[in-house]
Every structure is written in structure tokens, then in C-alpha cells.
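Peer 1:
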Ligand code: PHE
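In the working numbering, the protein residues as written are 1296 to 1634.
#1: Along the chain, where does the beta strand (DSSP E) containing residue 1342 start, and where does it finish?
#2: Report the start-end ranges of each beta strand (DSSP E) in the region 1387-1471 that is 3 residues or longer and not cut off at the edges.
#3: Among the candidates 1321, 1455, 1412 and 1411, whose CA atom is the shortest distance from the CA of residue 1432?
#4: Can you give the Cα-Cα distance for residue 1309 and residue 1625, rounded to whole angstroms?
#5: Kindly provide the ranges of any alpha helix (DSSP H) runs that are 4 or more residues long and lie completely inside the region 1479-1535, ordered along the chain.
#6: Going by the C-beta, is residue 1596 closer than 7 Å to any heavy atom of the ligand PHE?
#7: Spatial neighbours of residue 1613 within its chain, please: CB distance less than 8 Å, with the 5 preceding and 5 following residues excluded, ordered by chain position.
#8: Thinking C-beta only, is residue 1362 closer than 8 Å to residue 1304?
#9: Looking at residue 1552: is its Cβ nearer than 8 Å to the Cβ of residue 1525?
#10: I think residue 1406 touches residue 1483, with their Cβ atoms under 8 Å apart; what is that distance to the nearest whole Å?
#11: How many whole angstroms separate the CB atoms of residue 1498 and residue 1487, which I take to be in contact at a CB cut-off of 8 Å?
#12: Using 8 Å as the threshold, is the C-beta distance between residue 1543 and residue 1580 below it?
#13: Please list, in chain order, all residues of the same chain as residue 1338 whose beta carbon is under 6 Å from its beta carbon, the five residues on each side excluded.
#14: Taking the C-alpha atoms as reference points, what is the distance between residue 1546 and residue 1493?
#15: Smallest Cα separation from residue 1300: which of 1351, 1323, 1343 and 1312?
#16: Taking all protein chains shown into account, decide if residue 1683 is buried (16 or more other Cβ within 10 angstroms of its Cβ) or exposed.
#17: Can you tell me whether residue 1409 is buried or exposed? The criterion is at least 16 other CB atoms within 10 Å of its CB, across all chains shown.
#18: Can you tell which of 1569, 1578 and 1566 has the C-alpha that lies nearest to the C-alpha of residue 1539?
Okay, structure coming up:
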């Protein structure tokens, strides 16, 4: 028996293969339920008592060597298979790279900024968490104004009031406090209003507001600037200004553009009138200039503000404002732009 064990040990040690079938056959031959080791262990009871110790150790050693051999061969085969699947076929076409697209809100925001920067407007930004002064008081928003109501504004703290800005006019106040006229700046950013979410309204949306302050700025300058904007942005050159009210501008107006009535969608979005409201504007109220340490006897200016979502919905014919925030890749990847 000793000789058999010695021969088998040699056979095991010299065995090598790169085929998994051969490893399996080897395992069955030595370690299988009817394998050689099973038989040897069965014969063990016939071994003379004086030799039992030595032969027993040799048998155990033989079984361990066979088991180790199988494990080592299996591991090597597995890792070389992995290598093959990773690097095997170098002519295989590469995985397609999914390129991202800019968000439609960013595209429209950049377009608006681009149009205004061509006539000398800079871009200014400010904090989304504002104090009462910059969001309301400095802007001539009286204490009884409904915008100050909890219904419309998200307050973070009361007395002193800290809130989520309801418009980016707050940035314009900050800008006036820190810059001397002439001022030409647009302020894009996210704003917050406590509104029910629907297809047309959301509690978080984006605005671009503009401010122009210099000597001798008149309503005619405002109108001409708006006309330039609507031509560049929409390719439309007919606008109308409807008298309106904002606490921070006097006089104030709502800007409508003539969209036309050529298609069914035109009918829908203009409610059959052909006209579409796109922003609010007006001459900066002298109180607002005074609040920002600008002398209203020397300087005058105009301001305007628009919602980016609304304009993006128009340009891309998007029926529901909520689509902007759902991050559905199928929606987002339709917007490719160079800006
Ligand atoms: N701040 C106004 C709003 O949020 C928009 C506006 C800006 C109107 C400047 C007039 C002048 O609706």
C-alpha cells in the first residue's frame, strides 16, 4: 500500500492542465465517491496495526494534496477566463458612450444671458436664502402686501424674517448696494413660492431679471430693449405693453408678444388671441433707488423679470412644467445645444 500511495502522490504532483473537463475528471478519479482515495481508505482497515499510524498519515496527506491540486487548478482557470472576457477580443466594438445634454432650463437661461450680454449687460447672482430687506422692504413692498403672507412665501425664520427668495429682484438690490451707476445687469436664479404644483405652476422655478440704471433712462429705452430681446430670442417683432402694478416699479407693465395664430398650438397657448404674456417690467421706483443709496434725482432706470420655465415651455412646446424636474433621461436627452 505504501508504494501505491507514493505513486499516486507523484501522479498528483505532476498533474497539470488548462482544461476544466480534465480537472473535473481528475477530481472524480481521486476524490469522487467511488474514487481512488475512497478505496484506499476502505482498504485501510486491513493494514497491520503497527503500520496504521504511518499509513494513516500518508493517506491523509494524499487526500489533502489532491484537494489542494483541484482547488489551485480551478482558481487558475477561473481567473484566466475572466481575463479572456475582459480583454480577449480587442476588435470588439466599444461600449457606446452616452453623452449628456444640457438641461433645457440651462439652455434657455444661457440664451437669455447671451442676448443681453450683447448689449452690455453683466450677470449677477445672489443668495437663495434672503433677508426681509433684500426680498421685500428695499423693493418698496409694503408690509400689507400679499407676497409677504405665509401663503406665498417660504419663511425659514420669523423676526428677523429669513426666507427663500420669491424673485431675483433681491439680487438687484444687492447689486445696487455694491455698484455705482451706470448699471446694466441680469440676474438669473432659482426662486421659491408657496404655490400648488400643477402643469403650469411649481413652487420652485427660475427667473432672469434685468436692471438698467443711468442718467436719462426713459421708458422708450425700456421698450426698445424689450423689442430687441423678443426679436433675438423668439424672432418676433411685435410687442405690446399693458399697464400693470409692481411695488418696485412705477409705471409698470406686462409685456405681451404677438405669437401669431398659424397653428393649432398657437391657438392653444395664446387662448385664441395670438398674444402671449412673457414678462413684467417698469421704471425703477425712486424709493427703491433711495433704499439702495442711489440718488433718484440724478439717476433713473428700468427693470424687467421673466420666468425661464415659461419661456422654455414656449420655445420647446413643453406641455407640463413638472417635466423639467423629473429628470427623465428620455425627456432630457432631446435637448442638445452648443450654448
Ligand atoms: N419681480 C417680479 C416678479 O417676480 C418681476 C418684475 C421684475 C417685474 C422687475 C417688474 C420689474 O414677478
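Where is the CB? At the ideal position from N, CA and C, for every residue including glycine.
Peer 2: Here's the rundown:
#1: From DSSP, residue 1342 is part of no beta strand (DSSP E); its letter is neither H nor E.
#2: 1424-1426, 1450-1452 and 1457-1459
#3: 1455
#4: 60 Å
#5: 1514-1529
#6: no
#7: 1399, 1607 and 1619
#8: no
#9: yes
#10: Between residue 1483 and residue 1406 the Cβ distance is about 11 Å, and since that is not below 8 Å, they are no contact.
#11: 6 Å
#12: yes
#13: none
#14: 32 Å
#15: 1351
#16: There is simply no residue 1683 to check, as the chain begins at 1296 and stops at 1634 in what is shown.
#17: exposed
#18: 1578
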